[in-house]
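Numbers 33 to 333, taken from this note's numbering, label the letters of the sequence shown in order.
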Amino acid sequence: MENRRPPRSNSNDRKSFFGPSRSAPQSRNNSRSGPSRPGGDRTNNNRSNDNRTNDNRGGGQRTGPGDSRWRDGRTDGRFARNDGPNAGGYNKRRPDARRGPAHGKREEPENNIKITSDSQVTDGKLRGRVLANSVSPKSIHTDRKLREVVFKVISRRVKGGRILDLGAGCGTIGIEAISRGAMLATFVERSARMCSVLRKNLTEMGIKDGHGEVAETEIIGFLKKASLRKRVWDIVYFDVPTGDEHTAILDGLTRGFGLKPRGLLIIEHAPDFSHPDNLKQMRPWRTIDHGEKILSIYERI
33 MENRRPPRSN SNDRKSFFGP SRSAPQSRNN SRSGPSRPGG DRTNNNRSND NRTNDNRGGG
93 QRTGPGDSRW RDGRTDGRFA RNDGPNAGGY NKRRPDARRG PAHGKREEPE NNIKITSDSQ
153 VTDGKLRGRV LANSVSPKSI HTDRKLREVV FKVISRRVKG GRILDLGAGC GTIGIEAISR
213 GAMLATFVER SARMCSVLRK NLTEMGIKDG HGEVAETEII GFLKKASLRK RVWDIVYFDV
273 PTGDEHTAIL DGLTRGFGLK PRGLLIIEHA PDFSHPDNLK QMRPWRTIDH GEKILSIYER
333 I
């Protein structure tokens, strides 16, 4: 059986909600007779203006800072500005007082890993990660200080851009670009052994196929196919190899193969390198001298 509240009686003597007894209080009539409180007389007005106080702590005299009853903290400096019980809380006038990161944002941990080797990524989300390399003495990483300089110069173009790394080796330049915010890095390398090392590096760094792609082929053949397919990149990085095979590659690059308008062509070379006489669709943009290596940067017209 359910426990229900018994119905209220419908007696006639119950007061109506909107009856006279529920109306707004009438204004006080000070002229009525009778004491308003014990020991007081409303008609005689025994309290004079001299005996009135600003507080209820006693009658007849005012309290001051020297009084023992003055205990609101104004004398000992507890309620000074930016102090007090709520000093550590959030104040919209002082946004810096907010505890923790801003609403909707996650505080990123600082990466303070010290860079001591050329095989490490110098900056970005993969900072400090070590890249594997081949045991071949001809396979070396691009100098870390040189990478720091060039990526500082082209940082605005790297973020969200597409990078083509020609003669990629173990992928130092392309992986560095992805770490710094590049959307896609395309690695072109003809050595099967180096491509195996490169794919291993991409896997260990957590770079998926949509952000890093490896083409095991000759550079000049890749550029010609890219030109036919009208495929272009924002930045093309080319480390000039030893020998005379770079002549045909530079000829295709200066024609704009694989490079979009206003894109950058970065050529890493030795100081005794002879620049192409006819730049065709390129114009000099900047030169970075790093001693044993020089970076010549061109922009496509």
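Ideal Cβ placement from N, Cα and C applies to all residues, glycine included.
Source: prediction; values computed, not measured.
Identify whether V182 lies in helix, strand or coil by the three-state DSSP scheme. In this structure, DSSP gives V182 a helical state, which the three-state scheme calls helix.
Test item: CB-CB of M226 and S187 under 8 Å: Not closer than 8 Å, so no.
Give a yes or no on whether the C-beta atoms belonging to L285 and F305 are separated by under 8 Å. L285 is not a Cβ neighbour of F305, given a cutoff of 8 Å.
Measure the C-alpha to C-alpha separation of G206 and G199 and round it to an integer number of angstroms. Cα to Cα, the separation comes out at about 11 Å.
Look at K292 and D321 and say whether their C-beta atoms are less than 8 Å apart. Going by C-beta atoms, K292 is not nearer than 8 Å to D321.
Once you ignore the five residues that flank K157 on each side, which residues in its own chain have a CB closer than 6 Å to its CB? Here the set comprises S211.
Thinking C-alpha only, which one of V268, P273, G203 is nearest D237? Position check: residue 237 holds Met in this sequence, whereas Asp was assumed. M237 has its Cα closest to that of G203, out of V268, P273, G203.
Under the three-state reduction of DSSP, which class applies to I298: helix, strand or coil? In the structure shown, I298 sits in a strand (DSSP, three-state: E or B).
Return yes when the Cβ of L296 is within less than 8 Å of the Cβ of I329, no when it is not. A contact, by the Cβ cut-off of 8 Å.
For L255, collect the residues of the same chain with a Cβ closer than 6 Å to its Cβ; drop the 5 residues on either side in sequence, then sort them by chain order. Around L255: G284, F289, G290.
Range covered by the alpha helix (DSSP H) that runs through M226: Membership of M226 in the alpha helix (DSSP H) is indicated by the continuous run 224 to 236.
In chain order, what residues of the same chain have a beta carbon less than 7 Å from the beta carbon of A209, not counting five sequence neighbours either side? The beta carbon of A209 is closer than 7 Å to those of V190, I195, A217 in its chain, skipping five residues each way along the sequence.
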